[in-house]
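First to last, the protein sequences are chains A and B. For the first sequence, my numbering assigns the number 5 to the initial residue and increments by one for each residue that follows. For the second sequence, my numbering assigns the number 5 to the initial residue and increments by one for each residue that follows. By construction, the Cβ of each residue, glycine as well, lies at the ideal position given by its N, Cα and C atoms.
Number of protein chains: 2
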Amino acid sequence: MPPGTAPLETGEAQDAPREDPAPEAAPGTETVATSAEELGRPATIRDVAALARVSHQTVHRFLQGYEGIRPATRERVVEALAALEYRPNLTARSLTTGRSMRIGALTHELDQFGPSKIIQGAAQAARDAGYVLDILSLDMGDPDEIDRALQTVTQHDLAGVLALASTDHMAQAFGTANFRVPAFLAGEEDEFASDHPSQLTSVGFPALIDHLAELGHRRLLHLAGPSAWSAARNRARAFEAAVAAHGLVSAGVVHGDWTARSGHEVVSALPSSLDFTAVVAANDQMALGALLALRERDLRVPEDMSITGVDDIPDAAYFSPPLTTLRVDFVAQGRRAVEHLLARIAGREPEDDDALISQLVVRRSTDATAR
Amino acid sequence: MPPGTAPLETGEAQDAPREDPAPEAAPGTETVATSAEELGRPATIRDVAALARVSHQTVHRFLQGYEGIRPATRERVVEALAALEYRPNLTARSLTTGRSMRIGALTHELDQFGPSKIIQGAAQAARDAGYVLDILSLDMGDPDEIDRALQTVTQHDLAGVLALASTDHMAQAFGTANFRVPAFLAGEEDEFASDHPSQLTSVGFPALIDHLAELGHRRLLHLAGPSAWSAARNRARAFEAAVAAHGLVSAGVVHGDWTARSGHEVVSALPSSLDFTAVVAANDQMALGALLALRERDLRVPEDMSITGVDDIPDAAYFSPPLTTLRVDFVAQGRRAVEHLLARIAGREPEDDDALISQLVVRRSTDATAR
DNA sequence: CGGGATCTTGTTACCGGTCACATTCGACGC
DNA sequence: GCGTCGAATGTGACCGGTAACAAGATCCCG
Chain A
5 MPPGTAPLET
15 GEAQDAPRED
25 PAPEAAPGTE
35 TVATSAEELG
45 RPATIRDVAA
55 LARVSHQTVH
65 RFLQGYEGIR
75 PATRERVVEA
85 LAALEYRPNL
95 TARSLTTGRS
105 MRIGALTHEL
115 DQFGPSKIIQ
125 GAAQAARDAG
135 YVLDILSLDM
145 GDPDEIDRAL
155 QTVTQHDLAG
165 VLALASTDHM
175 AQAFGTANFR
185 VPAFLAGEED
195 EFASDHPSQL
205 TSVGFPALID
215 HLAELGHRRL
225 LHLAGPSAWS
235 AARNRARAFE
245 AAVAAHGLVS
255 AGVVHGDWTA
265 RSGHEVVSAL
275 PSSLDFTAVV
285 AANDQMALGA
295 LLALRERDLR
305 VPEDMSITGV
315 DDIPDAAYFS
325 PPLTTLRVDF
335 VAQGRRAVEH
345 LLARIAGREP
355 EDDDALISQL
365 VVRRSTDATA
375 R
Chain B
5 MPPGTAPLET
15 GEAQDAPRED
25 PAPEAAPGTE
35 TVATSAEELG
45 RPATIRDVAA
55 LARVSHQTVH
65 RFLQGYEGIR
75 PATRERVVEA
85 LAALEYRPNL
95 TARSLTTGRS
105 MRIGALTHEL
115 DQFGPSKIIQ
125 GAAQAARDAG
135 YVLDILSLDM
145 GDPDEIDRAL
155 QTVTQHDLAG
165 VLALASTDHM
175 AQAFGTANFR
185 VPAFLAGEED
195 EFASDHPSQL
205 TSVGFPALID
215 HLAELGHRRL
225 LHLAGPSAWS
235 AARNRARAFE
245 AAVAAHGLVS
255 AGVVHGDWTA
265 RSGHEVVSAL
275 PSSLDFTAVV
285 AANDQMALGA
295 LLALRERDLR
305 VPEDMSITGV
315 DDIPDAAYFS
325 PPLTTLRVDF
335 VAQGRRAVEH
345 LLARIAGREP
355 EDDDALISQL
365 VVRRSTDATA
375 R
């Protein structure tokens with residue numbers, strides 16, 4: 005016998021002229037809040053029910069979109085909902101349903117351009133779907149981190165998990181983890197991945213290599229990313245494939261770690277006589293480092309050496325010289341990752357989407373080779 | 005009369021040799037799960053209580069660190085906790101307490117270096133404190149966005165809100181919003197802010213201007229950020245103050261929008277005869293754009309013109325030439341913002357922390373002036 | 001106009017912690 | 001050996017939604 009938690013007095017007070025909704029506490033009658041201010045706290049479904057003089061279940065049904073509510077009743081509910089500015093408490097909802105409107109994003113490279121753009125796109129897509137993105141930042145290197153993240157996930161009743169890390173380490177940890185909820189591993193790069201082989205010969209790297217071939221370059225050096233990153237491997241593979249397809253020659257593949265510093269180091273360490281006329285870097289930062297290293301070796305870009313990047317970071321257009329590169333749509337990748345995850349959460353098959361194609365942006369860092 | 009939800013049979017089964025904990029369902033006796041696997045779902049506090057043959061409240065007390073539990077009892081609880089791999093359900097906890105272990109981060113410039121680094125630091129600090137950072141990405145320009153964010157906050161029972169936006173627009177919207185929970189507005193930049201006036205004359209900009217003065221520069225141009233950003237205004241003010249303190253001359257302040265593109269535009273648009281010998285940009289990107297514009301005007305850096313930035317983005321060391329800049333510790337700023345917020349959540353006064361000082365990094369973009 | 005089918009609405013319990021209060025236990029004093 | 005008091009532990013309700021089921025209202029038809 006709960007003491008009148010939800011008083012259902014069918015008093016006349018409500019039917020009286022709206023002008024005088026003064027809280028006249030009739031004896032034995034619980035006063036019913038008629039406005040959000042009067043309540044002083046977020047309205048609950050029962051507050052609304054009391055004001056509408058229905059059961060909380062009727063309010064609930066209305067909120068679920070149930071049709072079989074008498075118009076008169078429905079109207080009272082609608083009014084009460086508005087008067088109390090009702091917003092469902094998502095925590096309470098999560099408790100019963102066991103699921104929340106939250107997506108966990110596992111990540112650890114928030115400071116890099118690609119990943120942070122992906123997060124941006126993912127956050128947008130999540131928001132558009134009414135979800136919130138929880139950042140689960142990982143300290144890589146500590147193997148327990150994945151476990152900790154996993155615990156966080158289960159403790160927070162997340163609706164799903166998006167793994168935005170792109171290293172093998174992460175992919176592996178992710179693969180063995182059991183999140184108990186839908187999960188989706190988003191590589192930084194889909195386009196060059198092996199399950200889109202058709203893309204390899206249509207746009208992106210082929211267009212880039214094509215561009216260099218047209219300028220007369222025959223021997224190309226690839227400045228690749230760290231091989232533990234799938235994106236780095238994919239790009240290296242795409243490079244090799246495109247070079248072969250054009251009958252050009254790969255002068256080798258050297259590895260950096262995505263940073264300008266590594267690009268600078270690697271290029272500085274090359275032997276003094278270079279048997280290639282263009283450097284194809286796997287990202288713009290490394291290209292930047294290479295640019296400086298070439299300058300320090302008294303090689304002019306593009307007269308003596310052409311150089312290209314991938315990503316098209318905003319700064320790339322203002323390097324000296326401006327960088328020819330492949331523009332990658334990271335925001336779209338992030339959006340898409342979330343959409344895939346949401347599909348999985350809903351039990352749907354993700355819709356087959358068009359391949360994200362990167363676009364060649366020609367700037368001054370490439371030109372006809374003198375050699 | 006709840007039907008034995010938490011069976012408290014003091015059966016002997018538990019005291020029997022550990023070797024045989026087979027689930028022998030005695031008639032009229034609910035079986036008690038003795039391991040996480042057997043349960044097949046996350047263990048609740050009542051599962052633990054049943055296994056430990058205590059009330060759920062005793063388990064609760066243990067978890068709260070209550071001391072007055074008899075050793076024998078305590079031991080059973082500890083064992084049950086471990087056997088069932090109990091993890092509190094944070095959603096349920098939030099429901100009763102009305103607070104969660106989540107911090108909302110309002111942001112809209114996730115792709116910029118500073119903000120994304122700040123988020124990184126904030127996410128770390130949040131994680132270290134057992135919190136999770138929820139990204140509430142805003143579409144600026146739409147004034148309803150703040151309202152939407154506010155609703156999100158209340159619906160999700162967030163413990164606090166961190167506003168990481170740095171524009172006046174955001175600050176103002178934030179100031180008028182009532183989040184019902186602790187909130188903290190973190191500017192991108194503390195160091196140059198007016199409430200740390202002492203810093204203005206000790207490190208950071210003064211060191212930078214000092215450096216230029218020593219190289220013989222007398223007239224300096226400031227390439228500022230958009231004036232709607234407090235960080236831009238702070239930096240401009242710090243510039244003016246430092247110039248005055250050194251008896252140098254400000255050749256004016258021109259405004260960009262933080263991008264390399266804007267730096268390039270602004271410097272390209274300057275009259276043909278320049279009456280200054282150094283450009284002090286408010287961030288590295290604009291300095292990059294300026295660098296290219298100067299090169300296009302056939303001005304050599306640093307021989308004809310020195311140039312400096314602020315932030316020390318990783319790429320700055322590999323610009324052509326490498327950029328003299330002020331290193332700003334954004335990660336620390338993010339951490340600190342979260343710590344402040346957590347203090348406010350806990351009702352504590354935030355501890356007075358040392359000013360975050362930016363550090364002068366001298367590279368090749370500055371040199372003695374020929375003029 | 002009664003009885004069942006249907007439509008509409010209400011009642012009660014539950015999710016898993018937390019809190020307020022009640023009860024039992026054990027030690028001690030007389 | 002019994003009463004007392006504090007320590008140890010248990011009971012039941014509650015947070016705000018959701019779900020299963022029950023019951024009242026309405027309607028239709030013979």
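Quiz item: From what residue to what residue does the beta strand (DSSP E) around residue 148 of chain A run?
Solution: Along the first sequence, read from residue 1 onward, the residue named residue 148 of chain A stands at position 144. It is not in any beta strand (DSSP E) - residue 148 of chain A instead sits in the alpha helix (DSSP H) that spans 148 to 159.
Exercise. May I ask you to verify whether the segment 107 to 123 of chain A touches the segment 67 to 75 of chain A, counting CB pairs closer than 8 Å and requiring at least 3?
Key: The answer is no - the segment 67 to 75 of chain A does not touch the segment 107 to 123 of chain A, with fewer than three Cβ pairs under 8 Å.
Practice problem: Evaluate residue 155 of chain B with the Cβ neighbour count: other Cβ atoms within 10 Å of its Cβ, from every protein chain shown; 16 or more gives buried, anything less gives exposed. | Solution: Numbered from 1 along the second sequence, position 151 holds the residue referred to as residue 155 of chain B. By the 10 Å Cβ count, residue 155 of chain B comes out exposed.
Quiz prompt | From A/226, A/237, A/251, residue whose alpha carbon lies closest to that of residue 170 of chain A | solution = Position 166 of the first sequence, counted from the start, is the residue given in the question as residue 170 of chain A. If we check each option's Cα against that of residue 170 of chain A, A/237 comes out closest.
Exercise. Quick one: give me the first and last residue of the alpha helix (DSSP H) that residue 266 of chain A is part of.
Key: Translated into positions along the first sequence, residue 266 of chain A becomes position 262. It spans 264 to 272 - the alpha helix (DSSP H) in which residue 266 of chain A sits, taken as one unbroken run.
Quiz item: Is residue 36 of chain B helix, strand or coil by DSSP?
Solution: On the second sequence, position 32 is the one that residue 36 of chain B refers to. Three-state DSSP puts residue 36 of chain B in coil, outside helix and strand.
Practice problem: Could you tell me which residues DSSP pairs with residue 380 of chain B in its beta bridges? | Solution: What the structure shows of chain B is the stretch from 5 to 375, and residue 380 of chain B is not part of that stretch, so it cannot be assessed.
Quiz item: By a C-beta neighbour count over all protein chains shown, 10 Å radius and 16 as the cutoff for buried, is residue 374 of chain B buried or exposed?
Solution: Taking the second sequence and counting its residues from 1, one reaches residue 374 of chain B at position 370. Exposed, by the Cβ-count rule.
Practice problem: Quick one: list the residues of chain B neighbouring residue 60 of chain A, beta-carbon separation under 9 Å, in chain order. | Solution: Stepping through the first sequence from its first residue, residue 60 of chain A is reached at position 56. Within chain B, no residue comes near residue 60 of chain A; the closest Cβ sits about 16 Å away, beyond 9 Å.
Quiz item: Taking contact to mean at least 3 C-beta pairs separated by less than 8 Å, is the segment 124 to 133 of chain A in contact with the segment 127 to 143 of chain B?
Solution: Flag = yes, the segment 124 to 133 of chain A and the segment 127 to 143 of chain B touch.
Quiz item: Within the 8 Å Cβ cut-off, does residue 64 of chain B reach chain A?
Solution: For the purposes of this step, residue 64 of chain B is taken as the residue at position 60 of the second sequence. Not one beta carbon of chain A lies nearer than 8 Å to the beta carbon of residue 64 of chain B.
Practice problem: Report the partner residues of residue 187 of chain A according to the DSSP bridge assignment. | Solution: Counted from its first residue, the first sequence places residue 187 of chain A at position 183. Note: residue 187 of chain A sits in a beta bridge opposite A/165.
Quiz item: Using a beta-carbon distance below 8 Å, is residue 241 of chain B in contact with chain A?
Solution: Working through the second sequence from its first residue, we reach residue 241 of chain B at position 237. Closer than 8 Å: no.
Quiz item: Closest Cβ-Cβ distance between residue 273 of chain B and chain A: below 8 Å?
Solution: In the second sequence, residue 273 of chain B corresponds to position 269, counting from 1. Chain A, which has no Cβ nearer than 8 Å to the Cβ of residue 273 of chain B, makes this no.
Exercise. Name, in chain order, the residues that DSSP records as bridge partners for residue 313 of chain A.
Key: Translated into positions along the first sequence, residue 313 of chain A becomes position 309. Paired residue(s): A/329.
Self-check item: At least 3 beta-carbon pairs within less than 8 Å: the segment 349 to 367 of chain A vs the segment 339 to 356 of chain B
Solution: Because the criterion of three Cβ pairs below 8 Å is not met, the segment 349 to 367 of chain A and the segment 339 to 356 of chain B do not touch.
Quiz item: Taking Cβ-Cβ distances below 8 Å as the criterion, which residues of the segment 275 to 289 of chain A are in contact with chain B?
Solution: 289
Exercise. Please check if any C-beta of chain A sits within less than 8 Å of the C-beta of residue 182 of chain B.
Key: One-based indexing of the second sequence puts residue 182 of chain B at position 178. By this cut-off, residue 182 of chain B is not an interface position.
Quiz prompt | Exposed unless 16 or more other CB atoms sit within 10 angstroms - verdict on residue 119 of chain A | solution = Locating residue 119 of chain A in the first sequence gives position 115, where the first residue counts as 1. Buried, since its Cβ has 16 or more Cβ neighbours within 10 Å.
Exercise. Determine the closest residue to residue 115 of chain B out of A/104, A/183, A/317, A/67, with distance taken between C-alpha atoms.
Key: In the second sequence, residue 115 of chain B corresponds to position 111, counting from 1. Among A/104, A/183, A/317, A/67, the Cα nearest to that of residue 115 of chain B is on A/317.
Quiz prompt | Under 7 Å by beta carbon: chain A residues contacting residue 123 of chain B | solution = In the second sequence, residue 123 of chain B corresponds to position 119, counting from 1. What residue 123 of chain B touches in chain A: 114.
Exercise. Determine whether the Cβ of residue 91 of chain B lies closer than 8 Å to any Cβ atom of chain A.
Key: Translated into the one-based positions of the second sequence, residue 91 of chain B becomes position 87. So yes, residue 91 of chain B belongs to the interface.
Quiz item: Taking a cut of 7 Å between CB atoms, which residues from the segment 222 to 235 of chain A lie near chain B?
Solution: none
Quiz item: Are there 16 or more other CB atoms within 10 angstroms of the CB of residue 39 of chain B, so buried, or fewer, so exposed?
Solution: Along the second sequence, read from residue 1 onward, the residue named residue 39 of chain B stands at position 35. In the assembly as shown, residue 39 of chain B is an exposed residue. Its beta-carbon has fewer than 16 other beta-carbons within 10 Å.
Exercise. Could you give the DSSP three-state label for residue 69 of chain B: helix, strand or coil?
Key: Counted from its first residue, the second sequence places residue 69 of chain B at position 65. Residue 69 of chain B falls in the coil class under three-state DSSP.
Self-check item: Among A/227, A/93, A/160, nearest to residue 260 of chain A - alpha-carbon criterion
Solution: As a working mapping, residue 260 of chain A is identified with position 256 in the first sequence. Of the listed residues, the one whose Cα sits closest to residue 260 of chain A is A/227.
Self-check item: residue 299 of chain A: contacting residues in chain B (beta-carbon distance under 9 Å)
Solution: Sequence index remark: in the first sequence, residue 299 of chain A carries index 295 (1-based). Those within 9 Å of residue 299 of chain A in chain B are 324, 325.
Quiz item: DSSP state of residue 217 of chain A, grouped into three classes?
Solution: Taking the first sequence and counting its residues from 1, the one referred to as residue 217 of chain A is at position 213. The answer is helix: DSSP assigns residue 217 of chain A an H, G or I state.
Quiz item: Can you name the start and end residues of the beta strand (DSSP E) that residue 283 of chain A belongs to?
Solution: Against the first sequence, residue 283 of chain A aligns to sequence position 279. Counting along the chain, the beta strand (DSSP E) containing residue 283 of chain A begins and ends at 282 to 285.
Quiz item: Is the beta carbon of residue 103 of chain B sitting closer than 8 Å to the one on residue 163 of chain B?
Solution: Taking the first residue of the second sequence as 1, we reach residue 103 of chain B at position 99. Taking the first residue of the second sequence as 1, we reach residue 163 of chain B at position 159. Against a cut-off of 8 Å, the Cβ pair of residue 163 of chain B and residue 103 of chain B comes out as a contact.
Exercise. With a threshold of 16 other CB atoms inside 10 Å of the CB of residue 135 of chain B, please say whether the residue is buried or exposed.
Key: Here residue 135 of chain B corresponds to residue number 131 of the second sequence, with the count starting at 1. Classification of residue 135 of chain B: buried, given that the 10 Å Cβ count is 16 or more.
Quiz item: Within 10 angstroms of its Cβ, does residue 101 of chain A collect 16 or more other Cβ (buried), or is it exposed?
Solution: Sequence index remark: in the first sequence, residue 101 of chain A carries index 97 (1-based). Its Cβ having fewer than 16 others within 10 Å, residue 101 of chain A is exposed.
Quiz item: When the cut-off is 8 Å and only beta carbons count, does residue 311 of chain A lie next to chain B?
Solution: Along the first sequence, one-based indexing puts residue 311 of chain A at 307. Closer than 8 Å: no.
Practice problem: Answer yes or no: does any C-beta atom of chain B fall closer than 8 Å to that of residue 340 of chain A? | Solution: As a position in the first sequence, residue 340 of chain A is number 336, starting the count at 1. False, the Cβ-Cβ gap to chain B never drops below 8 Å.
Exercise. Find the nearest neighbour of residue 58 of chain B within the set B/345, B/258, B/85, B/43, judged by alpha-carbon distance.
Key: On the second sequence, residue 58 of chain B is found 54 positions in, with the first residue counted as 1. Nearest option by C-alpha distance: B/85.
Quiz item: By DSSP, does residue 134 of chain B sit in helix, in strand, or in coil?
Solution: Position 130 of the second sequence, counting from 1, holds the residue named residue 134 of chain B. Residue 134 of chain B falls in the coil class under three-state DSSP.
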